[in-house]
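Remarks on the structure that follows.
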Amino acid sequence: MSKTILRIAVPSPLYRSFDYRLPAKTPAIPALKPGMRVRVPFGTRNAVGILLEVTDDSDIEEQRLKPVREILDDEPVLSEDVLAMTNWASAYYQYPVGEALATALPSLLRRGEALPSGVQSGWRLTASGQAVDRSTLTRAPRQARVLELLAATPAGLPRSAIEVEAAVLRTLESKDWIEPCTLVMAAARAGEPRVTGGHTLNAAQQQAVDRILESRDRFTAFLLEGVTGSGKTEVYLQAIEAIIAAQHQSLVLVPEIGLTPQLVERFRQRFDVPLAVLHSGLGDRERLAAWQQARTGRALVVIGTRSAIFTPLARPGLLVVDEEHDSSLKQQDGFRYSARDLAVWRARRLNLPVVLGSATPSLESLFNVEQQRYRQLELPNRTGSARLPSYEVLDIRSQPLEHGLSRALLKRIDHHLGHDGQVLLFLNRRGFAPTLICHDCGWVAECRRCDARMTWHQGEQLLRCHHCGSQRPLDSTCPDCGCTDLRPLGQGTERVEQALATHFPEVERLRIDRDTTRRKGELARLLERARSGEARLLLGTQMLAKGHHFPRVTLVGILNADQGLFGTDFRASERMAQLIVQVAGRAGRHDRPGTVAIQTHHPDHPLLQLLIHQGYPAFARAALAERTAARLPPANHIALVRAEATQASLPVSFLDHVRQQTEQIDREGIEIWGPVPATMERRAGRFRAQLLLQSGDRGGLQALLGTLVRQLEQSREARKVRWSVDVDPADMF
Ligand code: ADP
Ligand code: ZN
Ligand code: ZN
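Residue numbers (our numbering): -7 to 725.
Written as structure tokens, this is what we have:
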């Protein structure tokens, strides 16, 4: 019997694929291959699905199957490995296969558009653009940069290769310096790709590169653990250089490209080869163009955030996950995959090396090294003359604090500024104050939709909720007692900035947080001022802590380490340690030694002591032992079933029902905890609860969840709430 049944993944909330038959009259059916898109009737609409397989058996009689409307591609849009990986991930993370595959596709392809042909629109310099003296453009660095890029490629560049906002291009066009052009995509360039620069590697770096390249044609997962500034990026670059020389592609995943413009810049400067960058700032068409460059093998280097793991590569050679500990590699809603873990899966499938790099590896990866699943590569020293910073704990118990700054810290800031140093202060809270309180009666301003307090934003004269985004004007009187003495309690970056302005009025300062970087391009501008040393007092949240390179910083102040020491999430202390080490890593990157001053009410906290006296590896070993004893990840596996509803009692009663269902399934070796309301029970007007499943047996847990979600899909109870399953959750809320 000929195979005429098509098994299709159709985007829908259902945990299965759907069977269709071939259209009766198909003029010239292309050879059907998994990974092609088809248009199918689905309910009352048409949908774009992905062909999973061509088969001859179906649970439904063939005559009753609907025919496919249209076959959209004549070659698979998704490569075999991406298709297999996404299929696997849909089963592992308990997410419907059709939706999972839709996530893997650029949105234009999801909507059924044709794969782009070889023609792209782009920009090139005009004659007057060529004549511009770029050194006169110091006040418009982005314009200068575009002109410089285009000057290097007289034929023009595709839009996707010019990382700049559309407004900058419009300005340049209105000055008649650049003009649009059409570019025909050439096949991958033959001959030697040009590579420029590069350091002579030190012994540890060389060894790391050698190990990675020795494994070029087989699967090995490497954990590259190198203290900040030890030259990890240089190791990636030199390994990639060898991959490029063989005309193979490298895929590099990074946490957030917006936060690390320098990284992309370093790749560009080093390699004169087509490079595709996939980040959230791209428009649909740009994204598709970059994706297509990766898929066809034209782009030899592909850099992207977590979703770039789904990018097909025609000639893959190496996978790299930078800052592998970063929680943004795990998607927190919808398809809750870990891009890091998928990278390892994909490398295994492709029989290639994968490098996970970090100065502060996740306990998961360290555990995998312990279990000999990953191979560790260490870079124990900073490059050149740079030394690791020294730590100092500032005990702030019963010390007067001025807007969160202790006298001891102010003295140190003063000292470093006086000795031509640059100072970086870290506080993971934006706004003026996290609480507005009535000094008469103790009333505090709360969010009306969340179990949370409103943050006072003084500049905007607003109260904002950082959990649901709602805002309202600042109260002028207390709604409870009518008094007007409303005061800020605690501090955010806005308030600390004011204190700094009072203390150091002469010193140029800058603040980097979500509020000061809302405008496009603003973050890059502020980072440049920080890097150049122009601003000598830097203050910010996580945005300032991640991955940047500020060579002149000599003092790092961590204003409040206590948040991390006593978080409710079992990962809180791991996150705090990673953050401290990462922020500390900004100091003393050049020839001047750095100091890190940590303000805390708990100077004797054992994990903090371990971290600062013996370093991250010792901290991690202790934390891993604690986790193992508590039967928490990574030695054990967990999954959360979450539920939320506008009616307070529904989530818990639904999860009670889930618990009962679960108890009827084969659940050997699986422990069930809860249901319990979430730590912040109400958010954005919805009540939330969760059920925790815990097991030493990953496969058993996965099987149970698979059965469970299919039961819930049918269950009437489940329709009353919004529910989800999170396998290997990054956050426990
Ligand atoms: P990491 O990624 O570990 O933070 P980088 O690769 O960014 O480290 O290296 C830190 C700094 O040291 C960079 O300025 C880089 O150019 C420089 N560097 C890296 N490797 C070497 C080397 N072998 N010799 C001299 N300088 C190096
Ligand atoms: Zn009051
Ligand atoms: Zn809120």
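Positions of the beta carbon are idealized from the N, C-alpha and C atoms, including for glycine.
Proximity test, residue i beta-carbon vs ligand 2 heavy atom, cut-off 6 angstroms
i    : result
W665 : no
C731 : Within the shown structure, residues of the chain are numbered from -7 to 725, placing residue 731 beyond reach of any answer.
D432 : yes
E470 : First, the residue type needs correcting, since residue 470 is Cys and not Glu in the sequence shown. Checking the Cβ of C470 against ligand 2 gives yes.
W435 : yes
Assigned exposure category for residue i - 16 Cβ within 10 Å defines buried
i    : result
H411 : exposed
S641 : exposed
T174 : exposed
C470 : buried
G661 : exposed
I52  : exposed
K167 : exposed
A182 : Note on A182: pLDDT 45, under 50, position unreliable in the model; the coordinate value appears next. Exposed, because fewer than 16 other Cβ atoms sit within 10 Å of the Cβ of A182.
W115 : buried
T78  : buried
S222 : buried
Alpha carbon of residue i to alpha carbon of residue j, nearest angstrom
i    : j    : result
A180 : R517 : Its pLDDT being 46, under 50, A180 is placed unreliably by the model, and nothing is read from it.
R328 : D125 : 49 angstroms
E526 : V545 : 12 angstroms
D314 : P247 : 7 angstroms
V361 : G190 : 29 angstroms
R340 : D333 : 11 angstroms
V2   : I429 : 52 angstroms
N552 : R690 : 37 angstroms
D718 : Y87  : 9 angstroms
Q653 : Y383 : 52 angstroms
E105 : R708 : 37 angstroms
R365 : A213 : 7 angstroms
V293 : D65  : 26 angstroms
P628 : Y84  : Note that residue 628 corresponds to Asn in the displayed sequence, not to Pro. When rounded, the distance between both Cα atoms is 16 angstroms.
R374 : L697 : 45 angstroms
S354 : A331 : 14 angstroms
Q135 : R162 : 10 angstroms
L117 : A159 : 17 angstroms
Ligand 3 heavy atom lying under 6 angstroms from the CB of residue i
i    : result
G459 : A small correction: the amino acid at residue 459 is His; Gly does not occupy that position in the sequence shown. Correct: H459 has its Cβ closer than 6 angstroms to ligand 3.
R506 : no
S9   : no
R441 : yes
C-beta atoms of residue i and residue j nearer than 7 angstroms
i    : j    : result
E636 : R680 : yes
T775 : I0   : Here the chain has residues from -7 to 725 only, and residue 775 is not among them.
R422 : T587 : no
C433 : D472 : yes
L100 : L280 : yes
I236 : V265 : yes
S398 : Q591 : yes
I204 : P108 : no
L261 : V227 : Per the sequence shown, the amino acid found at residue 261 is Gln instead of Leu. Against a cut-off of 7 angstroms, the Cβ pair of V227 and Q261 comes out as no contact.
L417 : G556 : no
Q682 : R634 : yes
R501 : L492 : yes
F542 : R511 : no
P68  : K25  : yes
R503 : E489 : yes
D507 : E673 : no
R445 : C460 : no
V713 : P643 : yes
I295 : V256 : yes
V40  : R56  : no
L632 : P497 : no
Residue i beta carbon near ligand 1 (any heavy atom closer than 6 angstroms)
i    : result
K224 : yes
L255 : no
T375 : yes
H191 : yes
Any non-hydrogen atom of ligand 5 within 6 angstroms of residue i CB
i    : result
T220 : In the structure shown, ligand 5 is absent; the only ligands present are ligand 1, ligand 2 and ligand 3.
Quick one: which unbroken alpha helix (DSSP H) runs of 4-plus residues sit fully inside the stretch 359 to 424? Chain order, please.
The stretch 359 to 424 contains these whole alpha helix (DSSP H) runs: 399 to 410.
Please go through the stretch 286 to 350 and give each complete alpha helix (DSSP H) segment of 4 or more residues, from N-terminal end onward.
331 to 342
Restricting to runs no shorter than 4 residues, where is the alpha helix (DSSP H) found entirely within the stretch 223 to 256?
Counting only runs of 4 or more residues that sit fully inside the stretch 223 to 256, the alpha helix (DSSP H) segments are 224 to 237, in chain order.
Would you mind listing the alpha helix (DSSP H) stretches within the stretch 659 to 716 that are 4+ residues and don't spill past its ends, in chain order?
690 to 706
Considering only residues of the stretch 125 to 211, which uninterrupted alpha helix (DSSP H) runs meet the minimum length of 4 residues and lie entirely inside it, listed in chain order?
133 to 144, 158 to 166, 195 to 206
My parser needs the beta strand (DSSP E) runs of 3 or more residues fully inside the stretch 528 to 587; what are they?
The stretch 528 to 587 contains these whole beta strand (DSSP E) runs: 529 to 532, 545 to 550.
Could you tell me which uninterrupted alpha helix (DSSP H) segments, each at least 4 residues in length, are contained entirely in the stretch 417 to 475, listed from first to last along the chain?
none
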